[in-house]
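Novice: Read in order, the letters of the sequence shown are residues 11 to 183 in my numbering.
Virtual Cβ for every residue (Gly too), placed ideally from N, Cα, C.
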Amino acid sequence: MQINLQVGDVLRVPADGLISTANPWLNLSGGVNGAILSAVGPTIQQELHSYLKRHGISAVPAGSVVQSNAGDLPFDYILHAVAIDPFYDSSIKLVRQTVFAALEMAIKAGAKTISMPTLATGYGPLSIADFGTAVAPLVGEPRFDGLSLTIVVRTAEHQSELADAISAARVQA
Numbered sequence: 011m012q013i014n015l016q017v018g019d020v021l022r023v024p025a026d027g028l029i030s031t032a033n034p035w036l037n038l039s040g041g042v043n044g045a046i047l048s049a050v051g052p053t054i055q056q057e058l059h060s061y062l063k064r065h066g067i068s069a070v071p072a073g074s075v076v077q078s079n080a081g082d083l084p085f086d087y088i089l090h091a092v093a094i095d096p097f098y099d100s101s102i103k104l105v106r107q108t109v110f111a112a113l114e115m116a117i118k119a120g121a122k123t124i125s126m127p128t129l130a131t132g133y134g135p136l137s138i139a140d141f142g143t144a145v146a147p148l149v150g151e152p153r154f155d156g157l158s159l160t161i162v163v164r165t166a167e168h169q170s171e172l173a174d175a176i177s178a179a180r181v182q183a
């Protein structure tokens with residue numbers, strides 16, 4: 011898998027699919043989720059709440075990934091990745107498992123390009139470097155060969171921190 015690091019707005023980086031941050035209640039309430047709600051209105055929120063209702067649950071477990079449409083955003087679909095628990099706690103292991111599951115879903119949907127923000131680093135407790143450590147092992151995963159993943163961060167400082175963490179984790183592996 012090829013990883014590209016880019017500074018900007020993840021909702022403006024076209025790709026086949028977007029892996030978005032998500033909370034266990036699938037509420038589009040802040041961060042990237044709030045930006046999705048602002049950009050497309052309530053349709054995706056309604057779709058996510060319908061998912062919960064169909065399954066007879068009020069929340070999904072940490073590590074879950076739920077697919078929705080993308081509205082007018084430059085993606086074919088959004089994969090809402092829950093890399094936090096109900097208390098907004100997380101770990102490198104949970105982020106790695108969640109991103110792995112989301113990438114597998116993206117491949118099954120025919121994706122060649124994926125965009126995503128860093129998971130569990132805004133409302134979650136992880137640093138940008140922790141996120142880099144989480145995703146670094148996925149670069150060499152054979153099942154993701156041919157996939158291009160663009161990780162979008164807000165600042166050049168975060169871009170540099172993420173690049174350093176991914177490189178360091180890959181050297182240690």
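1. Please report the straight-line C-alpha distance between T160 and G27, rounded to a whole angstrom.
2. Take S101 as the anchor and find which of P127, S137, G120 has the nearest alpha-carbon.
3. For H90, does the count of other Cβ atoms within 10 angstroms reach 16, so buried, or fall short, so exposed?
4. Taking the CB atoms as reference points, tell me whether I54 and I124 lie closer together than 8 angstroms.
5. Return yes when the Cβ of T31 is within less than 8 angstroms of the Cβ of N43, no when it is not.
6. Which residues mark the beginning and the end of the alpha helix (DSSP H) in which S48 is found?
7. Put S60 into one of helix, strand or coil per three-state DSSP.
8. By the 10 Å Cβ neighbour count, where 16 or more other Cβ atoms means buried, how is A93 classified, buried or exposed?
9. What number of angstroms, rounded off, separates the C-alpha of A69 from the C-alpha of D174?
10. Among the candidates G142, Q182, F154, whose CA atom is the shortest distance from the CA of I199?
11. Assuming M11 and E114 make a contact with CB atoms under 8 angstroms, what is their CB distance in whole Å?
12. Please give the ranges of any beta strand (DSSP E) in the segment 78-107, keeping only runs that are unbroken, at least 3 residues long and fully inside the region.
Specialist: Per the coordinate set shown:
1. 11 angstroms
2. S137
3. buried
4. no
5. yes
6. 41-50
7. helix
8. buried
9. 35 angstroms
10. In the structure as shown, the chain begins at 11 and stops at 183. Residue 199 is therefore absent and cannot be evaluated.
11. Wrong, their Cβ atoms sit about 12 angstroms apart, outside the cutoff.
12. 87-91
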